[in-house]
Every structure is written in C-alpha cells, then in structure tokens.
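Peer 1: My questions all concern the structure below.
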Amino acid sequence: AGGGTAKEGLKIGLVTDVGRVNDRTFNQSAWEGVQDAAAELGVEAKYIETKAATDYLDNIRQFAEEDYDVIVTVGYALGEATLEMAAEYPETMFIGVDQFQAETVANVAGLVFREDQAGYLAGVLAASLTQTDTIGGVFGTDLIPAVVAFREGYELGAKSVKPDINIISAYHPGEIAQAFTDPEWGAATAAQAIDGGADVIFAAGGQTGNGALEETATHEGFYCIGVDTDQWDTLPGAHPCLVASAVKTVRKGVYELIMSVADGTFEGGQVYGEAGLSDFHDFADKLPEELKTKLAEIAQGLVDGSLSTGYGQ
Amino acid sequence: MAPVETTARRASAGVLRRRWITAGLTLLLLAIVILVDRTSLGDGPLGILFGIGVLRFTLRAAVPLIFGALSGILCERSGIINIGIEGMMLAGAFGAFAVKSHTGQLPLPLSLALSTLSACAMGSAMGYLHALLSIRFRMNQIISGTAIIVLATGLSTYLFDPDWLSRGKFSDIAIPVLARIPVIGEVLFTNGLLTYLALAMAIALHFLLFRSRWGLRTRAIGEHPRAADTMGVNVNRWRYINTTIGGAVAALGGAFLVLEAVGQFKESMTAGRGFISLAAMIFGNWSPLGALGASTLFGYTQALQNQLLLSGITRVPRFFISMLPYVTTIVVLASVVGRTRAPAAEGEVYETE
Amino acid sequence: MADPLDQRTRFSRWLVRLAHPLVSPALALVTAFAVGAVTMLLSGDNPLTAYWGLLQGAFGGLDALSRTLRTATPYILTGLSVAFAFKAGLFNIGASGQFLMGTAASVAVGVLVKGVPAFIHLPLALLAGFAGGALWGAIPGVLKVWRGAHEVITTIMLNYIASLFTSWLVYAGGTQGQQPGPLSDPAAAAQGISQTGTILPTAKLPELLPDVLTRVHWGLVIALVAVPVIWWILKRSTFGFEVRTVGENMSAARYAGMRVNWTIVLSMAIAGGLAGLAGTVECLGLHGRFAPEFTGSAGFEGITVALLGRTEPVGVLLSAVFMGGLYGGAAKMQFESGVRSEIIQVVQALVLVMVAAPELVRVVYRMRARRSEEDTAESKLATGWGG
Amino acid sequence: MTDIVLEARHITKAFPGVVANDDVSLSLHRGEILALLGENGAGKSTLMNVVYGLYRADQGEILIEGEPVQLSSPRDAIRLGIGMVHQHFQLVQPMTVTENILLGSEITLGRTPFLDFEAGRQRVRELSVRYGLSVNPDDVIEHIPVGVQQRVEILKALYRQARILILDEPTAVLTPQEIQDLFRVMRELARGGHSIIFITHKLREVLEVAHRIVAMRQGRVVGESLPESSTQATLAEMMVGRKVILQVPKGPAHADQVVLEVRDLSMSATRGGVALKDVSLEVHAGEILGVAGVQGNGQTELVEAITGLRHVQSGAISMNGSNVTAWSPRQRSSMGMAYIPEDRHRFGMVGSYSVAENLVLNTYHLEPYSRRGVRDDAAIRDHAEQLVQAFDIRTPTVDTAAGSLSGGNQQKLVVARELGREVSLLVASQPTRGVDVGSIEFIHRQIVAQRDRGIAVLLVSAELDEILTLSDRIAVLYEGEIIATVEASQATREQLGLLMAGVRAPLNA
Ligand SMILES: Nc1ncnc2c1ncn2[C@@H]1O[C@H](COP(=O)(O)OP(=O)(O)OP(=O)(O)O)[C@@H](O)[C@H]1O
Ligand SMILES: Nc1ncnc2c1ncn2[C@@H]1O[C@H](COP(=O)(O)OP(=O)(O)OP(=O)(O)O)[C@@H](O)[C@H]1O
Ligand SMILES: [Mg+2]
Ligand SMILES: [Mg+2]
C-alpha cells in the first residue's frame, strides 16, 4: 500500500473525538482542513461525531466499509482504534491527529505537534505581561499528553523569563469525559486564580478553557491566552483579554496530508505540524516591539532546534 | 398526659439548641475569615482554607445547587418526588441561551430579562410535564423524573447549534453600604442578580413554607394528602402548582450557569449539579435553609479542593485531593446528620373515588 | 354471594394478563416514534430517512446486529443491577461507580496475574470484577443500615470517587512531581499516555461467533445467563422473598423475623456486583485494557433500562436490547441521513414515558381505563426516599 | 319536615368488584345522635365518605335542610356545615395541634399570606375550653396519645362550625374514661342543636348514647330500631343476620407451668413512646393473662420487647425456662412464640402480596415451604387453602392481594397465620381492633380454644370488655408500670377503668 499513484475522486471521511465538528476545538479545525481539501479536489467529505469512547472503532469502520480512501481520526484517544482499522484495511489511508506513532505504519500518518513549544511561547508572553509576577493556567486534564505538554511548556517558558514567577494552575478535577466540557469550572477557576493575584490566564482545555477565557474577559485589565486554534476567530467573547493563542495548525496539517494522498506522495509515520503563537490582533500595537521580536526569535530557535523547551528530555 | 408534654418540649428544646449552635459557628467563621483577610494569618494554610478566592468560588458553586435543592423542596414537600432536577436545570440553561443568543441586538438588560424568563418558561414546562405524568397519568415519579432528564438532555443537544453565540452576562452589582464590609462585602454583597435571587429565595421560601398558608397546605399534602383533602385543601391543584414552580426554580439554576457564570451554553453543561442538589435537599432535610447550608458546604468543599490544586500540592496525587467534596459529604452525612425524614406521602398518587 | 364478583375480577385479571404486556408497549413504541418524527419535522429533518438509517444501523445486517448486541451487553447487567436494588426498595444511582470499580478489579487481575491457564485466569478476573463492584455497592448499603445515610446521596458521591480513583490507577504521572498510578502501563506512560497494559490473552473473553458476528464476545452470554438467575433469585428463592418483603414493607419484614439490615447490604452488594460485571465484560471482551476514556455511562443507562423494563429481569433484557439498537443504530442514522443522533435520546425518553404510563397510552387511544394490580406492582419504587 | 337536617336518598356507590352502597337511604334529625352499625365492609365508611364529598356517588342525592346539594368535594361539605372524624385519623403527624386544626381554613395576618399563629392558638384554647376537649395547642401530633388525637379530630370539625358531625369508629382506640368524656361531649353537642352520626362496632356504646340505630349489611340498610327497644343481642342479629354469641363460652383455666416470664424489664422512651419501668409478669400454660391499659402506656413497648422487635435495657425475658432476652424474633418464633401485632396494616401483612404469601410471612424459610433456599409454591398454596378454610377468611382466591381484603378478613388472615402452627405462647395485641362482632366472636373463640389446648396467652387490649371476657388474670399497665394484677373473677369495669387512669385503688391482687 502506502503512497503510490495519485487518486481520482477521493472519498474523505472524518471521525471526531467525543464532541462535534463545530465545537470550536481541534475537531472543528480538523474538519475545516478536510473541507479545504475537499473543496480543492472538488470531492465529497463526510464526518461522524463520536458520542462515547466505546464507539471509536465502529465509527471508523463505518467509513472503512464504505471504502473511503482517506479517514481522518481526531484525537490521541482514537490512536489505537485507528491502528487496528489500518491493519484491517491496508488500502485505506488514515490520518490520526495528535496520534503519536511508536513505529511507522505505511497507511497511517500521525499528525502530531510540539504543544510544549506553543505552550513555551505562551509562557514567555505571559511572564513578560504580568504586573503581579503571578500567572494562571486552566487546563483540561493530565490524562491526555497534549494538555500536559501545553502546561509544562507554559511553565518552563514563564520561568525562562522570570525564574521565581508564581504560577497558579490546575487540571480539571473531574473524569476525562467532563474535563473538556465544563466551562463553568474553567470560569470559576479562572476567577479563583485572579482572586489569587494572577493577571494573565492561559487556558488549554476545549470548552472548559473557553469558559476561563470568557471569564477573564469580564475582568478589567487582565490578559488571557487561548489554545489550539486562533481563538480570536472562534471566541469573540474573549476579545477584551485575548492577547494571542498557542496554536496547533491542525487545519493546515490535515489539509496538506489529504492533498498528499491525492497526489500520491502520502507517507505513513510521524508527521510534525506547526505549533506556535497566533497573531496578536488588536493587541499587536499594545505589545512592546522588543517583546514581539523576542517571541519571534524564540519561535525560530525552537523550530530550528537551536533552542529547547526542556520538556520531555 | 404529663410524659407527652415533656416529649413535645424536648423536641422544641432540641430545635433551639441546634439554632444556637448554628449561630455560634457562623459567627466564629466570620471572625476567622476577617482575620485571615486582614492579618498575616492569610499567608498560611488558613489562607487556603478561608481566602477570598475560596469563599467567592464557594458561593458561585453553591448558587445552582441552591436553586436545584429549592426546586426539589417545592416538589417533594407537596409529595412529588423530583429526580429530574438535572433535566429541568439543563432545559433552563438551554432556554436561556436560545433566547440570549438570538436577542444580541437588544439592549443587554432586556435580552437578559427575556432569557431569564425563557429559562423559567422552559423549566415550568418541564415541571408541569412531570406533574402531568405523575398526577394525571399516575406514572411512577422516579421514572417520570428520569424521563425528564433524558428528554432535556436529548432535546437540548439535538436543538443546540454551537454557532449560536451570546455576548454579555449579568455583571456584579455592589450593594451600596454592605459591599464595603471587609471580606463579607466582597463575597456576599458584590454579586450578580441571580446569586442574590438564590440567597433571597432560600430565606423567603423557608418562611413561606413554615409560616404561610401556602406552606402549611404544601407540607400537609406532602405528609398526609388525605387529611388535607378532608379539610378542603385541593391536593392535586397544589401539587401541579408547586411542581410547575419547582421546574422554574431549577431552571434558574441553569439560567445562572448561562447568564451569570459562563455566558455560553454547552451540551449537558449542568454536569451532575442537579444530582448534587438532590443530595443537598436530602442533606438539608427538606428545609430551604437546610438546603442553603448543604449547598454552601458542597460549594465550599469544591472550592477548597480547587484551591489545593491551584496551590500545587504535589505530595498527594491530585485525584485524591479532588475526592474531598464527595468524601466530606459521605462522612458528614454518616456522622452528623444521621437519619433524615422525607415527606411521608412522597411518591404516592392521590385519588378520590 | 361473592361468586359473581370473583368471576368478574378473574376475567378482568385474565384480560389484563393477556392484553396489557403486548398491546400497551406496542402502542407506546409507535406513539413515541411518531412524536419523535414530529420533532424532527419541526426542526427540518426527514424522519423517514432517519428511521430507515436507524433500522439499518440497528438490525440491518450482521454487523449492525453485532453492534446492537455489543452495546446491549453491559446494559443488560447494569439494568439488572438497578432493578435488583429497586426490588429491595433501594435506588441505586451508583451503578456507574460500581461499573468502574468492577472494571478496575478485573483488569488488574487480567494484567497483573501472570502464568496461569485461561480456565483459572478468566474466571478469576470475572470474579474480581464482580467482587469489585459488589464491594463498592455494599458501602452505601452499610452506610444506610449503620448510619441511616441515604443511598441516593452516597451512591452519587461514590460514583465521583470511583471515577477519580480508577483514573488515578492508570494515571501516567511523570509531571508536576506526580507518581504514575499502580496500574499504569510503563510503555504508554513514557509517552504520557494514561492506560493499563493489555489484558493477557488468558483473561480475555473470546469472541462468540468470530466469523458471523463482529466483536461480539462471551460477555453477552454471561449477561443472558444473569437474567434467569436474577429472576430465579427474586421469584423462586427464599432470599428473594426476603429482598422483596424488605422492599415492600420493612416493618413487616422485621416482624417476620427477616434480617433486614443484612438483606439491604447483601442486595446492594449483588446490585453492585452486577454493575461491576458489566464493566468487566466490556474490558475483558472488548477493549482489552482499561483507560480513563471508558466511563461508567452504561451505569446511568442502567437506570433507564431498568425502569423501561419495569424492574423485571425479562423486561430489562428486552429494554437493554432495544436501547442497544437505538444507540447502535444512531451513528448509522446520522451517517445516512445527516440527522443529529441526539434525537435518539428524545425518542428514548418518549418511549420511557409511554411504556411507563399505560394510562397515557390508554388516553391517547381512547382505551377503557381500568385499575389493575400491575400498576400497584410499581408502587414500591414509587415511594422514593423511603427513609 | 324541616327538622331533618341531612337526608341521603337512594345512594349507590360501587368499587371495582364491590357494590359498597346499594340504594341506601338515610335521614338525620336536628339534635339527634344516630348510630350506624354494620360488619366490616358493610359500607358505613363509604356512605359517610359520600356524604362528606370524598367519594362521588354513582346514583342518588343528598339533601341538607331539605335542599338538594352538590357534594363534589369536602370543601362543599365543610361549607354546608358537615364535619367528619374519620375511622383512620386524618392528622398530619409532624405538625402541631394548632396547625392541624387551622389547615384549610387558616387565619392569616391581615391580607398577608402569613399565618396568625397567636390567633390560631387562642381559637383552639377557646374551643377546647368550651367543649371540655383539653388539648395543648403547641403539641406535635406524633407526640400525643391517640385519645388526645381524637379530641383534635373533633375540634377540627367544631372549628369549622360543623352542625352535622360524622364520627366513624371514634371509640375504637379510646379508654372507658375517654369514651365517657366523648359521650358527654356528644350529648352536649346534640343538646346544642348539633346532629351526629356515630359509627361503631361496640353495641354497648350504641345502647348507651344513641337516640336511633340503623344497621347496614353488604351495602344495604337492613334495619332500624330504638335503644329502648333493643338489646346487644338483637342489634348483633340485626347487623350480622344471624344469632351471635357475644359472650364466648369459657370454662375455668387449668393453669400449668410458667411459659413466659418477664422480670424487671426496663427500657427508656423512644420518640413518641414511653419508658418501661421494672415490668414483671408470668404467663402460665393454659391461662390468658390480660394486659389492660390505655393506648400509649407501654403496651407496644412491652409487646415488642417480648417478641424481640426491641432491645431491652435491663431485665430478663425467659420462655419455657430458657432466657431469650438476647434472641432474635425468628429464634423466638421458632421456639413457639406466636404474635398477633396491633397494627396489621404496618406489621401484620404485606398488602401487595397474595393471601398465600402472607400466610407464610414468618415461616416461608421452613420446610415444606422452602427446601434448601428454594421456595415450594405448591406447598405454600396448599397451606393457604387449608387455613382459608379453617379460619373462614373471605377471599376470592388465595392469590388475591391481601390489601384488598376487608379489615376483618385481613385480621382473620393474621390470626390464621399465627394460630395455624404449633406454638406454646400466643402474644395477641389488640386482636380485634376495628373488627365487627362476627369476626370478634370468631377470634375470641380461637383464643380461648388455644388456651384450652394448654397454650399460654398474653392478651394486650385497650378494650375492657375484651379483657374481661377473655382473661383469667389481668395486669394493668400505666405509664410503663404494672400498677396492679387482679384475678379476672374479682375485677369490675369500674375498678379497672380507674386503674387504667392511674388511680391506684387498693385491690386484692
Ligand atoms: N377505596 C376503596 N376502593 C375499593 N373498594 C373499597 C374502597 N373503600 C371501601 N371499599 C369496599 O367497599 C366495601 C365497603 O367498605 P366500607 O369502608 O364502607 O366498610 P365499613 O362498613 O366502613 O367497614 P369497617 O367496619 O371495617 O369500617 C368493602 O367491601 C370495601 O372492600
Ligand atoms: N383502595 C382500596 N381498595 C380495596 N379495598 C379497600 C381500599 N381501601 C379500603 N378498602 C377496604 O375497605 C374497607 C373499609 O376500609 P377501612 O379504611 O374502613 O378499613 P377497615 O376495613 O375498617 O379496617 P380497619 O378499620 O382496621 O382499618 C376495608 O375492608 C378495606 O380493606
Ligand atoms: Mg369503615
Ligand atoms: Mg374498621
């Protein structure tokens, strides 16, 4: 199997993680990527929204049986199911977002990101903005690697600027199914962090994080940093505080991988997508120039490897 | 008759003692809180226990529970079991959001008012449905309540469109003089409208329940509907009324989440709060002030565990810290409260031939 | 003198027995789906394509059937769990917690116990699963009889505790100075992934008919066996008589010399065990490991299943398969017709209402109203908190 | 004739399976006390519930002061000046006396929705003084004895200015003194122009207080007579339709060795109960020891201690020589202790269970009903068939739900279960409460028969006549103490009445 010849009239399917294709999380970004490619190739694309973790396999099989050519599965939780299906349907190409590939499988591309790098930049930004030398973080759950990477990166980045900075942050206390869908906890925790002196809040955790961002926005003169996509576009409620977002270019990554299937250059294995800081939008002119250049340098350094976040080593 | 009167007295004496204890504890707590905030005590563990952040979180977490528990009390005191609080709350949240996100062009206060109303409408609809099923159609009330939950979850998720966005929510209103009291002012008297409503409602309902004509009749039909009926009280009419209002009150809990706390709606965002309110209701022994206390306790334990997480306790696995609220509830329930007493006629259909 | 009366009552009871269990639910289903269809029309969906897709997904072909059965398997057991507790007058909202604890226990055995033959390992794992759930179920029972703590509160709280505890068991740790959980798989933990190792082949539940049904495992058989067993315990055993008496009238049970407290604890333990078994077969038969994504949601469904089945074992079986079909078919439905699969929940709620309120169906279809025993048969679980 | 205040014409009311009232006509005159007699299930309560607007009649009409009226709910009845004291007290247990009386016709503070408790209390005090019905307005119902609860029930009616009073089995739970008080009140009310319908199973009372007597059987009015021209025997025959032996023939006791011995039994009061203080008593084989006493003076506690439903603080209970103080109820019953509980609805049976299942409620675990934990339904049904025969329990089938039986038959069921097996001790608590003369006769015969078979019987009853007719020796229980034990032969109603009221008259024990 593997890459080989270019394909005509590609059939593209997407299986979300528990959630929906327009839920303002990476589910949505991935689906947008699929739609971009579909539009470009002028083909149909379909999706299945997963309701429970136990349905992953069935939902993927749904597409596989209708012999779709590309199946995008979103989220590390689908990794195992994806590999199982890939073995069963070697002719089908699989794109697994956030799925780390222990060893290379010809028809599976794991689209992964260095969340720690995005988080690191967010940390630097936060540490440079804070007046109180106290910053906060509201995170989904440490049961999912990507979130851990964001948090660790964030704290390392912050410390790189202010070694003895005070960081108040927490993971959602509930079960995994709730960790990303509890905006009230996110909001309340953000408020609690603010009461605790934090004046910049980084929120990484789907709806939970969004709750934190919108809460921060309601307090005068506080900053917040979004995650995954550029939340300036997805979360108008957060505009008053949203300096930037620590983004993973899922949309772009998925798009490119699908195109590679189309033109037959698809390769299985680990594929690293870009992760970094989004545009500053309205805050662009409020931020000091040297900070922006500094962030740009760090980003460059992280990409070319001259600089390391220190996470995972 | 001598022994009889003494037992009666003994009972009332117990009540009095309990009141004094509660009052004493409250004062003690206030003292600590102020000290923590004003003095260096706040830097230590006491800061974690009684810091402003914790207290504000407590109230915030308590509000939906208060509404939920009061809803439960309204229904169950009149003899209708209400397992469906979770569903009514969710319906309320959705109702509020549906209107809020479509009245963005209106001035905020107006849009908020409309949204709150729509929440109550949704809730009352659910409450009325519950009453209809359990009274008119003699349906088992636990089943009916469960059905309400499933229905509300299903409908709200099915109809909800994530592209709906709402802007603006109830903002804090500082109550003129009171808000300037140290700490208490900040915690109690600088809040959104619905928070005040929750507190006021708990107190008002308590007095109404135990001092008003409506309250007397409600308690009677919950304990012994036949007796009430023979005294000319229209049992089922009051049950309909209370359950419908109960639905609206639960819905206010949902409205709080959407209109005051989060600002947005999310599928099943009530996240089990309805069930915890159920616990709060039983815990508070079906009395509004009791429920207020229980809800506050639940809120506090949540705030506390959150504070511990935020302050980066690493020796204990975070999972065990997060058990705090639930373990506390069980322990308190098993040690202090002991046996609670449900309205005697709960769950029984009342019919006359 | 009383003879004509007897005749009449006998006749009507006979009518009830014959007619009710068939007619009423049938009409109930029809009505529920009809209302569901209206809901779809109102929100601009096409109910026909939707229901067709649903049918396809539920029973159209072996794959669909397999999925339905797979989904139904845990529902049968959690449904029995809740139903059994109801018979003892207890409202077990805790099935999901018991589900998780059972799962954890069985998976622990399945992963850690090494070098034993399947015929020991598998039963051992199943037993552990049942025991785990039973233990978790017994706690609220003990708290109730010993401290009068209401089971509705305690089971809810124990659900949260169970989900936190099991998450910790498999937690990868490694950051924020946190240690990995005792069951977490080192290899996965290295990548920050929280999950157990895979269950050893000796403890896995084999597939039932590998080349006919897809991934339907022997857990289904276990569930199917549990149905008559529970029925037998309740209806034919003396213990069952005690359970039902305690549920119906605790004072009478005391008077009759039954060990009420013991019966309550034991009933909760059995209920918990059944829920634990549900989680066990899920993991031993389907997932092959435990990870935090596998929540105890089947435990909550158990409540609906039990109520839909009118807390009778056979009813539970039917309603479990029915709901298995609904959820199994949901994805297919959305895939085929684009109708959001949440409508399924709406339909499910409607079915619950219609089935549980024969009076309602009667009114809808202008049937002659009648009082009958089986309405009072439910009276027990209606008396709610008991206290 | 304007002096007819209430008239029921051709009332018919059917329940599924039963015609409770079948073309019943009845009239009540101003200032009259009308006694309504009838067996269990005769239709008395139903008729009264129709008059009070609780049940809607299928046919017939009601006239008040000669005017036809619509009684579609108790509200109407109350408006028309009808008050009813129900057979099963209609009081809200956790509420105070005042709250119970105000309920439905509340006094509020002006226009506010809030209650004016002070005014309420005042009103209650007035009434209780005016009619000599002493109650404490602030007592919680569940803490006061049934006698007082009875007064509260009557006050409820008077508070609503009822001119027509319906009393459904008001004396079932009262002491002789309380009954006399009640009669005094009834006569005063009648004199004051109130009209009263009085339902009871106790013929002595009918003769004592009624102006006119109407009897019902199987839903029909079967006779009317005046007290002057009636005796208990004629009344009994009129209501049952056959001769009834009111005085169960009973030879002298042949008391044998001690079967039950209670020594210095003490326990502290539980909620709403009383404490037992050093209670000691002996019951010999072949004798009936009657425990007389007003409800709520420790009977329940005593009986539950003896049967093992309650733990005792100090003292010892021994049966056939062996100390059973620490034994479980089951151990005691398997040792041959039978127990007829006072509250059949709560303890005696499971309403939703079949007659057959109820008949093995405490023996289901024994052979032949159960073999190695497996029920043998065939054996259970056979057993039931036999007992239903032997004890003449009126039920369609043994599979009928026991809850739908008439009270009398429910009681027979319990008696049958307890006496239908080999026992050496029978503890019978209020065995005939609310049961009609026919059933009473039957149950009394059974108890005496057991005694003559050499079984020791402990009979606890608030019913003086019952105590006097059945007992060989009588112990009087007052506030948890046995204040006297007398030979039945020497005891008189008056003495016992005084003792039950706590008056310690010197007696030859
Ligand atoms: N609510 C009811 N539903 C069905 N049947 C009833 C109901 N109430 C009474 N009956 C039946 O109607 C008949 C008359 O009952 P009723 O209560 O009038 O008897 P009663 O004369 O009051 O008996 P008792 O002396 O025991 O009070 C009985 O056979 C009883 O079974
Ligand atoms: N809902 C009912 N269905 C069937 N029978 C009933 C019902 N309610 C009452 N009965 C019967 O009606 C008759 C009269 O009822 P009532 O409430 O007077 O009890 P009772 O027979 O007088 O027994 P007791 O006086 O000991 O309570 C009884 O035989 C009772 O069993
Ligand atoms: Mg009666
Ligand atoms: Mg009676």
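Protein chains in written order, with the numbering used here: chain Z, 405 to 717; chain W, -10 to 342; chain L, -14 to 372; chain A, 173 to 681. Here a beta-carbon is modelled for each residue, glycine too, at the ideal position from N, C-alpha and C.
With 16 as the cutoff for other CB atoms within 10 Å, does H426 (chain A) come out buried or exposed?
Peer 2: When all chains shown are included, H426 (chain A) counts as exposed.
Peer 1: Kindly identify the DSSP beta-bridge partner or partners of C628 (chain Z).
Peer 2: Answer by DSSP bridge pairing, in chain order: Z:I605, Z:L646.
Peer 1: Please list, in chain order, all residues of the same chain as G122 (chain L) whose beta carbon is under 6 Å from its beta carbon, the five residues on each side excluded.
Peer 2: The residues are Q83, M253, A254, A256, G257.
Peer 1: In whole angstroms, give me the CA-to-CA distance for T280 (chain L) and L144 (chain W).
Peer 2: Spanning the two alpha carbons is a distance of roughly 23 Å.
Peer 1: Run through DSSP, which three-state label would E666 (chain A) get?
Peer 2: Of the three classes helix, strand and coil, the one that applies to E666 (chain A) here is helix, per DSSP.
Peer 1: State the Cα-Cα distance for the pair L646 (chain Z) and F115 (chain L), rounded to the nearest angstrom.
Peer 2: Straight-line Cα distance between these residues: approximately 50 Å.
Peer 1: Between which two residues does the alpha helix (DSSP H) containing K449 (chain A) stretch?
Peer 2: It is not in any alpha helix (DSSP H) - K449 (chain A) instead sits in the beta strand (DSSP E) that spans 448 to 456.
Peer 1: Any heavy atom of ligand 3 inside 6 Å of the beta-carbon of K220 (chain L)?
Peer 2: Checking the Cβ of K220 (chain L) against ligand 3 gives no.
Peer 1: Which residues, in chain order, does the segment 172 to 191 of chain L contribute to contact with chain Z at a C-beta distance below 7 Å?
Peer 2: Within the segment 172 to 191 of chain L, the residues whose Cβ lies closer than 7 Å to some Cβ of chain Z are Q176, G177, I178, S179, listed in chain order.
Peer 1: If we define contact as Cβ-Cβ less than 7 Å, is Y339 (chain W) a contact residue for chain L?
Peer 2: Not one chain L Cβ lies under 7 Å of Y339 (chain W).
Peer 1: Quick check: the Cα distance between N495 (chain A) and R502 (chain A), rounded to an integer number of angstroms?
Peer 2: Answer to the nearest angstrom: the Cα atoms are 15 Å apart.
Peer 1: Excluding the five sequence neighbours on either side, which residues of its own chain have a C-beta within less than 6 Å of the C-beta of R376 (chain L), listed in chain order?
Peer 2: Since the first and last residues shown for chain L are -14 and 372, residue 376 (chain L) lies out of range.
Peer 1: Do the CB positions of F46 (chain W) and A456 (chain Z) come within less than 7 Å of each other?
Peer 2: Contact: no.
Peer 1: Could you give the residue range of the alpha helix (DSSP H) that holds Q635 (chain Z)?
Peer 2: Per DSSP, Q635 (chain Z) belongs to the alpha helix (DSSP H) from 635 to 638.
Peer 1: Return no unless some Cβ of chain L is closer than 7 Å to the Cβ of E543 (chain A).
Peer 2: For clarity, residue 543 (chain A) is Arg in the given sequence; the question names Glu instead. By this cut-off, R543 (chain A) is not an interface position.
Peer 1: CA-CA distance, A416 (chain Z) and A583 (chain Z)?
Peer 2: Checking the sequence shown, residue 416 (chain Z) turns out to be Ile, not Ala. C-alpha separation (whole angstroms): 30 Å.
Peer 1: Which residues, in chain order, does the segment 411 to 439 of chain Z contribute to contact with chain W at a C-beta distance below 7 Å?
Peer 2: Of all residues in the segment 411 to 439 of chain Z, R424, N426, D427, R428 have a Cβ within less than 7 Å of some Cβ in chain W.
Peer 1: Which runs of the alpha helix (DSSP H) at least 4 residues long sit entirely within the segment 227 to 268 of chain L? Give them in chain order.
Peer 2: As far as the segment 227 to 268 of chain L is concerned, its whole alpha helix (DSSP H) runs of at least 4 residues are 235 to 240, 245 to 267.
Peer 1: In the segment 100 to 133 of chain W, which residues sit with their C-beta less than 7 Å from some C-beta in chain A, listed in chain order?
Peer 2: Listed by position, the residues of the segment 100 to 133 of chain W near chain A (Cβ gap below 7 Å) amount to none.
Peer 1: Can you have a look at R544 (chain A) and say buried or exposed, based on whether 16 or more other CB atoms are within 10 angstroms of its CB?
Peer 2: R544 (chain A) is exposed by the Cβ-count criterion.
Peer 1: Measure from the C-beta of P501 (chain A) to each C-beta in chain L and report whether the shortest distance is under 7 Å.
Peer 2: Yes, contact with chain L.
Peer 1: Measure the alpha-carbon distance for M173 (chain A) versus R384 (chain A) and round it to whole angstroms.
Peer 2: Because M173 (chain A) sits at a pLDDT of 43, beneath the cut-off of 50, its placement in the model cannot be relied upon, and the following sentence gives the value as read from the coordinates. When rounded, the distance between both Cα atoms is 18 Å.
Peer 1: Quick one: what does DSSP say I385 (chain A) is sitting in, helix, strand or coil?
Peer 2: Three-state result, I385 (chain A): strand.
Peer 1: List the residues of chain L that I605 (chain Z) touches, going by C-beta distances under 7 Å, in chain order.
Peer 2: In chain order: nothing, as chain L lies at least about 18 Å away.
Peer 1: Per DSSP, what are the beta-bridge partners of V257 (chain A) in this structure?
Peer 2: Answer by DSSP bridge pairing, in chain order: A:L339.
Peer 1: Can you pull the chain L neighbours of N534 (chain A), defined as C-beta to C-beta under 7 Å?
Peer 2: Simply A241, G242.
Peer 1: Taking the alpha helix (DSSP H) that Q294 (chain A) falls in, what are its first and last residues?
Peer 2: Note, Q294 (chain A): alpha helix (DSSP H), 289 to 302.
Peer 1: Can you give me, in chain order, the residues of the segment 227 to 257 of chain A that have a beta carbon less than 9 Å from any beta carbon in chain W?
Peer 2: Those residues of the segment 227 to 257 of chain A that come within reach of chain W (Cβ to Cβ, closer than 9 Å) are Y227, R228, S245, P246, R247, D248, A249, I250, R251, M256.
Peer 1: Among the residues of its own chain, which have a CB less than 6 Å from the CB of G279 (chain W), if the five just before and after it don't count?
Peer 2: If we look at G279 (chain W) and ignore the five residues flanking it on each side, its Cβ neighbours are G273.
Peer 1: Out of L:G314, L:L251, L:F275, L:Q333, which one is the CA nearest neighbour of S66 (chain L)?
Peer 2: It is L:L251 whose Cα lies nearest to the Cα of S66 (chain L).
Peer 1: For A260 (chain W), which residues in chain C fall below 9 Å Cβ to Cβ?
Peer 2: Absent from the structure is chain C; the protein chains it does hold are Z, W, L and A.
Peer 1: From Q321 (chain A) to R359 (chain A), what distance separates their C-alpha atoms?
Peer 2: Those two C-alpha atoms are separated by around 20 Å.
Peer 1: Of all the residues that make up the segment 214 to 239 of chain L, which are near chain A by a beta-carbon distance shorter than 7 Å?
Peer 2: Listed by position, the residues of the segment 214 to 239 of chain L near chain A (Cβ gap below 7 Å) are R221, S222, T223, F224, F226, T230, E233, N234, S236, A237, R239.
Peer 1: Hey, how far is the Cα of D520 (chain Z) from the Cα of G204 (chain W)?
Peer 2: Distance between the alpha carbons of D520 (chain Z) and G204 (chain W): 59 Å.
Peer 1: What I want to know is whether the C-beta of S217 (chain A) ends up closer than 6 Å to one or more non-hydrogen atoms of ligand 3.
Peer 2: S217 (chain A): yes, Cβ under 6 Å from ligand 3.
Peer 1: Can you give me the start and stop residues for the beta strand (DSSP E) that I302 (chain W) sits inside?
Peer 2: Segment: none, I302 (chain W) is in no beta strand (DSSP E) and carries neither H nor E.
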